[in-house]
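Student: Going line by line, the protein sequences match chains A and B.
Quick note: my numbering has the first sequence finishing at residue 251, numbered continuously throughout.
Quick note: my numbering has the second sequence finishing at residue 502, numbered continuously throughout.
Each residue gets a CB set at the ideal place from its N, CA and C atoms; glycine is no exception.
Protein chains: 2
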Amino acid sequence: VADRGLNYGDGVFETMRLTNGRVVRFERHLARMTHGGERLALGVPDARTVRTDIDLLIREHKNDSGVVKYVVTRGVGGRGYRGQQLRASRIATLHPAIPDDATVKARWCETRLARNARLAGIKHLNRLEQVLAQNEWSDANIGEGLMLDTEGELICATAANIFLVIDSILVTPDLRYGGVRGVMRDSVIESARRLGWSVEQRAVWPDELPRATEVFVTNAIRGIRSIVQLDAQQWLHGPFAKRLQTECADA
Amino acid sequence: VADRGLNYGDGVFETMRLTNGRVVRFERHLARMTHGGERLALGVPDARTVRTDIDLLIREHKNDSGVVKYVVTRGVGGRGYRGQQLRASRIATLHPAIPDDATVKARWCETRLARNARLAGIKHLNRLEQVLAQNEWSDANIGEGLMLDTEGELICATAANIFLVIDSILVTPDLRYGGVRGVMRDSVIESARRLGWSVEQRAVWPDELPRATEVFVTNAIRGIRSIVQLDAQQWLHGPFAKRLQTECADA
């Protein structure tokens, strides 16, 4: 109960896809967690420690697929915001696999994301905005909610990054003021460039959605899912998303 | 480790002053926690439950003064931002008393507060900005850091609200986009009004500080402390703060 993760959300986390006993994109997850830890001046453990923790977890559960969640907090410390030099806490847990869907229906969230460049991109433990956003709906047919920031920029879905295809260009929010820099987002951008496609990371506004020929969301657990419906708007599960689903497969 | 407080900062908390076996301003703390819980749709326990928890804590520790911290989270729930109907977690802890100081030296923090009306005023568990701000300095002579929001408005100190005395008017940020609505802040405002003083809750900008004849910070644990130094600026521990220290005493 004295852990700073609980008291202040003072930490970072990763949720990783476990397939056939292998953590998919482990190196990318580790790199993001390390980078986030550096920005928050947390002591993120080294690759070998993280790997050993996860191996132990998998062996213990005798499970070879699912979702591995790994949390690192600043540690167990006294009351007060200032984090002294503490030993980081490490928490590894295993969760059931999630069915793979190629498409998803989405809605708009009313909850806005605050803008703070200092925390933008980091997968930290301050996630109340996402909690409030997901609590806005209970219809199980709706798989995601899109979020604007307080200035009205389109940033992401509640638990995924977002891409639009506009004039055959892949467009995604640049996350300079908010959102999480997704492992799958990076993977999609790299794949697209390898394919010779144009990619723009920039401010994206919701009035651009009608011009998009495809819209899809990405995260490390669920991969790439085309948004086929957003309230009254509809899109096809199109060629860009399909090709990227193949390019970014687990293998 | 599955508590939503740890994983998402999905909860609220209070830190209360314990003096002679009595929790000072308990009703105000409870009201704020309940209000915050309602805004986040958490199941905050009722007054009797909170009181019983705290009484038990005090008896256990055989301590009649110090700081009582009470945390309520949405509860222990599955992975994912959406909070199902859960039983709230309650965590009560007792911490050492803090010396009473009438004055404090302060500095500016570089870490900015994001603006989000949805979370403004609530003492929730997403406190990374405060953690980063307090980590900006280590000089033990500096007791507080003042924080601006991302638009440059003066909002608060890292763990206190702030008041300026300008033309004999008590001025304090209105907290419409950020900051915590402090129990002591409310108490100061009520006392000032009882004394017939003018109080303005409004947007406050840092360039107003040179016009202030007194500046003081308030929180429930440390009470009212005059800022006597802020980098190169200096103020006296003046008559407004002194009078309010008497008015808002624990008794």
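(1) Residues in the same chain with beta-carbon distance under 7 Å from B/E387, minus the five sequence neighbours each way, listed in chain order, please.
(2) From what residue to what residue does the alpha helix (DSSP H) around A/Q229 run?
(3) Are A/L40 and A/H95 close, meaning C-beta to C-beta below 8 Å?
(4) I'd like to check one pair, B/G328 with B/R432: are the Cβ atoms closer than 8 Å?
(5) Does the Cβ-Cβ distance between B/R366 and B/D400 come in under 8 Å?
(6) Does the CB of B/T285 have a neighbour CB from chain A at under 8 Å?
(7) Could you give the residue range of the alpha helix (DSSP H) that holds B/L379?
(8) I believe A/I155 touches A/L119 by the beta-carbon criterion, under 8 Å. Please report the beta-carbon distance rounded to the nearest angstrom.
(9) Distance, Cα to Cα, A/R28 vs A/Q245?
(10) Taking the CB atoms as reference points, tell me whether B/A368 and B/Y428 lie closer together than 8 Å.
(11) Below 8 Å on the Cβ atoms is my guess for A/L254 versus A/A88; work out the distance and round it to an integer in Å.
(12) Tell me, please, which residues DSSP counts as bridged to B/A450.
(13) For A/N141, would you say it is in contact with chain B, using Cβ-to-Cβ distances shorter than 8 Å as the test?
(14) Does the distance from the CB of B/K356 to the CB of B/V479 come in under 8 Å?
(15) Rounded to the nearest angstrom, what separates A/M147 and B/D425 at their Cα positions?
(16) Against B/K320, what residues of chain A qualify as contacts under a CB-to-CB distance less than 7 Å, listed in chain order?
(17) Going along the stretch 409 to 422 of chain B in order, which residues come within less than 7 Å of chain A, judged by CB to CB distance?
(18) The stretch 182 to 214 of chain A: which residues have C-beta closer than 9 Å to a C-beta of chain B, in chain order?
(19) As a quick exercise: from B/D261, B/T464 and B/I349, pick the residue whose alpha carbon is nearest that of B/L415.
(20) So, with DSSP's three-state summary, where would you put B/L291?
(21) Do you know how far the Cα of B/W486 is from the Cα of B/R462?
(22) Confirm, please, whether the CB-CB distance from A/R74 to A/D10 is below 8 Å.
(23) Along the stretch 334 to 347 of chain B, what residues have a CB closer than 8 Å to any CB found in chain A?
(24) Just to confirm the assignment, what range does the alpha helix (DSSP H) spanning B/N470 have?
(25) In terms of alpha-carbon separation, which member of B/W448, B/V319 and B/L383 lies closest to A/G83?
(26) Measuring only the C-alpha atoms, how far is A/Q85 from A/A2?
(27) Measuring alpha carbon to alpha carbon, tell me which of A/V68, A/R127, A/A102 and A/G143 ends up nearest A/P239.
(28) Given a cut-off of 8 Å on the beta-carbon distance, is the pair A/E153 and A/V217 in contact?
(29) Any beta carbon from chain A within less than 8 Å of B/R369's own beta carbon?
(30) Have a look at A/L18 and A/R51 and give me their C-alpha separation to the nearest angstrom.
(31) Under 8 Å, Cβ to Cβ, is there at least one residue of chain E near B/N271?
(32) Bridge partners of A/V188, per DSSP?
(33) For A/E129, is the classification buried or exposed, using 16 other Cβ atoms within 10 angstroms of its Cβ as the cut-off for buried?
(34) In the stretch 287 to 300 of chain B, which residues sit with their C-beta less than 8 Å from some C-beta in chain A, listed in chain order?
(35) Once DSSP output is grouped into helix, strand and coil, what is the label at A/G21?
Tutor: Taking the definition as stated:
(1) Working through the second sequence from its first residue, we reach residue 387 of chain B at position 136. Within the same chain, B/E387 has close Cβ partners C360, E361, T362 and G396.
(2) Position 229 of the first sequence, counting from 1, holds the residue named residue 229 of chain A. Run containing A/Q229: none in the alpha helix (DSSP H); it sits in the beta strand (DSSP E), G223 to L230.
(3) Numbered from 1 along the first sequence, position 40 holds the residue referred to as residue 40 of chain A. Numbered from 1 along the first sequence, position 95 holds the residue referred to as residue 95 of chain A. No, they are not a contact pair.
(4) Position 181 of the second sequence, counting from 1, holds the residue named residue 432 of chain B. Position 77 of the second sequence, counting from 1, holds the residue named residue 328 of chain B. No, they are not a contact pair.
(5) In the second sequence, counting from the first residue as 1, residue 366 of chain B sits at position 115. In the second sequence, counting from the first residue as 1, residue 400 of chain B sits at position 149. The answer is yes: Cβ separation under 8 Å.
(6) Translated into positions along the second sequence, residue 285 of chain B becomes position 34. Not closer than 8 Å to any Cβ of chain A, the Cβ of B/T285 fails to qualify, so no.
(7) Residue 379 of chain B sits at position 128 when you count from the first residue of the second sequence. Segment L379 to Q385, the alpha helix (DSSP H) holding B/L379.
(8) Within the first sequence, residue 155 of chain A is the residue found at index 155, counting from 1. Within the first sequence, residue 119 of chain A is the residue found at index 119, counting from 1. The Cβ separation is near 13 Å, so there is no contact.
(9) For the purposes of this step, residue 28 of chain A is taken as the residue at position 28 of the first sequence. For the purposes of this step, residue 245 of chain A is taken as the residue at position 245 of the first sequence. Using only the alpha carbons, I get a separation of about 18 Å.
(10) In the second sequence, residue 368 of chain B corresponds to position 117, counting from 1. In the second sequence, residue 428 of chain B corresponds to position 177, counting from 1. A contact, by the Cβ cut-off of 8 Å.
(11) Chain A is shown only over 1 to 251; residue 254 of chain A falls outside these bounds and no answer can be derived.
(12) For this step, residue 450 of chain B is matched to residue 199 along the second sequence. A small correction: the amino acid at residue 450 of chain B is Val; Ala does not occupy that position in the sequence shown. B/L421.
(13) Here residue 141 of chain A refers to the residue found at position 141 of the first sequence. So no, A/N141 is outside the interface.
(14) By one-based count along the second sequence, residue 356 of chain B stands at place 105. By one-based count along the second sequence, residue 479 of chain B stands at place 228. Yes.
(15) Numbered from its first residue, the first sequence carries residue 147 of chain A at position 147. Numbered from its first residue, the second sequence carries residue 425 of chain B at position 174. One C-alpha to the other measures close to 26 Å.
(16) The residue given as residue 320 of chain B occupies position 69 in the second sequence. Result: R79.
(17) T409 and A410
(18) none
(19) Reading the second sequence from its first residue, position 164 is the one you call residue 415 of chain B. If we check each option's Cα against that of B/L415, B/T464 comes out closest.
(20) Numbered from its first residue, the second sequence carries residue 291 of chain B at position 40. It is coil, neither helix nor strand.
(21) Locating residue 462 of chain B in the second sequence gives position 211, counting from the first residue. Locating residue 486 of chain B in the second sequence gives position 235, counting from the first residue. Using only the alpha carbons, I get a separation of about 11 Å.
(22) Within the first sequence, residue 10 of chain A is the residue found at index 10, counting from 1. Within the first sequence, residue 74 of chain A is the residue found at index 74, counting from 1. Taking 8 Å as the Cβ cut-off, A/D10 and A/R74 qualify as a contacting pair.
(23) G334, I342, T344 and H346
(24) Taking the first residue of the second sequence as position 1, residue 470 of chain B is located at position 219. Here B/N470 belongs to no alpha helix (DSSP H); instead the beta strand (DSSP E) covers E465 to N470.
(25) Along the first sequence, read from residue 1 onward, the residue named residue 83 of chain A stands at position 83. Answer by Cα proximity: B/L383.
(26) Here residue 85 of chain A refers to the residue found at position 85 when the first sequence is read from its first residue. Here residue 2 of chain A refers to the residue found at position 2 when the first sequence is read from its first residue. If you take the alpha carbons of A/Q85 and A/A2, they lie about 15 Å apart.
(27) As a first step, residue 239 of chain A must be located in the first sequence, where it is residue number 239. Nearest of A/V68, A/R127, A/A102 and A/G143 to A/P239, Cα basis: A/A102.
(28) Looking up residue 153 of chain A in the first sequence gives position 153. Looking up residue 217 of chain A in the first sequence gives position 217. Contact flag unset, no.
(29) If you number the second sequence from 1, residue 369 of chain B lands on position 118. It does: the Cβ of B/R369 has a partner Cβ on chain A nearer than 8 Å.
(30) Here residue 18 of chain A corresponds to residue number 18 of the first sequence, with the count starting at 1. Here residue 51 of chain A corresponds to residue number 51 of the first sequence, with the count starting at 1. So the two alpha carbons sit approximately 13 Å from each other.
(31) Checking the listed chains, one finds no chain E in this structure; the protein chains it contains are A and B.
(32) Here the question's residue 188 of chain A lines up with position 188 in the first sequence. None, per the DSSP bridge assignment.
(33) Within the first sequence, the letter at position 129 stands for residue 129 of chain A. Label assigned to A/E129: buried.
(34) L291 and A292
(35) Sequence index remark: in the first sequence, residue 21 of chain A carries index 21 (1-based). Coil.
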